[in-house]
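In the numbering used here, the protein residues as written are 1482 to 1733.
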Amino acid sequence: MKMWILGVTALTSLGIAACSSNSSSPPAGNSASDSGSGSSSGASGSSSGGSGSSSGGSSSSSGGSSSSGGVTDASGEASACSEGTIYTRLGGHAGIRGAVNAIVAAELADPDIVTYFFFQTTTPMPAEHPTADQIEECFTDLVGAAVGGPGESYPPDGGVSDEAGTFQCNPSMQSIHAPLLISGGTFDKFITIAGGVLTTAGVCPDDITTLAGALVSTKTEVVTPSLFDAGYQAFPGDAAATIGASDGAVEQ
């Protein structure tokens, strides 16, 4: 059964810019080019082709994909996607964390989306903001709870901890994202990138649909109302010309 890819190096998360606690005013003109974390190493899976072949001069394929590497055929894949729960198919907490890392690596490779992670790329990073590792773990807990994983809760009791200390994950999507001035187009691009990573990793299509639905349902909380119909853009995008420093949202 195809699972979420594990063994990805740590990087920040469902950023979604999604579990960040950037509640204070972001610095003006601060554009990040790197998240300060590693990139994924093996986050994407691939099959070797749509038809199998034999060495005796004859080849055949009967309605599924097969390869010498043991890629599951269509019927086997469908069976695997019906086994267990979505939580177990995703590989439990560790599998979800690996996928979060891979998604964030892809998100931060985007030149516009990376600009929303200014606090995590500042050196030294402001103490009141979560580290990249803490953001990823908050988002992992969020996804784990959303798919009904046993023992999973969001926000997690006791917060999340790393070498920098303990951080209490913020349960409010609206308060987390309001200072980031996210446009509707940027939100949509984020979801598209995440879906592409999961598809490449071999996650079951129905599970991707379930996860995408959970994320899309937060759009009205994540996106700035005045930017709901605005296109894909870097921070602060269209908001720069309309929101003044007196609002405490953008320092001009």
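Ideal Cβ positions, reconstructed from N, Cα and C, are used throughout, including at glycine. What you are looking at is a predicted structure, and each value in this text was computed from that prediction instead of being measured.
Residues near residue i by beta carbon distance below 8 Å, same chain, minus five either side
i, result
"Leu1708", "Leu1662, Ile1663, Ser1664, Gly1665, Gly1718, Asp1719, Ala1720"
"Asp1710", "Gly1665"
"Gly1475", "As displayed, the chain neither begins before 1482 nor continues past 1733, which places residue 1475 out of reach and without an answer."
Beta-carbon spacing of residue i, residue j below 9 Å
i, j, result
"Ser1634", "Asp1643", "no"
"Asp1593", "Lys1700", "no"
"Ala1675", "Glu1588", "yes"
"Ile1577", "Val1641", "no"
"Pro1631", "Tyr1713", "no"
"Phe1668", "Val1703", "yes"
"Phe1716", "Thr1596", "yes"
"Ala1575", "Leu1679", "no"
Residue i, DSSP secondary structure in three states
i, result
"Val1678", "helix"
"Val1641", "strand"
"Phe1709", "coil"
"Gly1573", "helix"
"Gly1718", "helix"
"Thr1667", "helix"
"Thr1647", "strand"
"Glu1564", "coil"
"Gly1579", "helix"
"Pro1652", "coil"
"Pro1660", "helix"
"Glu1633", "coil"
"Glu1588", "helix"
Extent of the continuous alpha helix (DSSP H) to which residue i belongs
i, result
"Phe1598", "Counting along the chain, Phe1598 falls outside any alpha helix (DSSP H), and DSSP gives it neither H nor E."
"Phe1620", "1613-1627"
"Thr1569", "1567-1570"
"Pro1464", "Given a span of 1482 to 1733 for the chain in the structure shown, any question on residue 1464 remains unanswerable."
"Thr1604", "No alpha helix (DSSP H) holds Thr1604; DSSP gives it neither H nor E."
"Glu1702", "1700-1703"
Straight-line gap, residue i to residue j (C-alpha atoms, nearest Å)
i, j, result
"Gly1627", "Leu1692", "For the sequence presented, residue 1627 should be read as Ala rather than Gly. Each residue's alpha carbon lies about 9 Å from the other."
"Ser1653", "Ala1659", "10 Å"
"Ala1590", "Ile1616", "17 Å"
"Thr1612", "Ile1657", "15 Å"
"Thr1604", "Ala1645", "14 Å"
"Gly1573", "Phe1598", "27 Å"
"His1610", "Ile1689", "30 Å"
"Gln1655", "Ala1722", "22 Å"
"Asp1687", "Pro1636", "26 Å"
"Asp1638", "Gly1677", "32 Å"
"Thr1705", "Leu1696", "16 Å"
"Ile1584", "Gly1629", "21 Å"
Beta-carbon contacts of residue i that lie in its chain and below 7 Å, excluding the five residues immediately before and after
i, result
"Pro1607", "Phe1600"
"Ser1698", "none"
Cutoff 6 Å; reference residue i; Cβ partners in own chain excluding five residues on either side
i, result
"Cys1562", "Cys1685"
"Thr1673", "none"
"Ser1560", "none"
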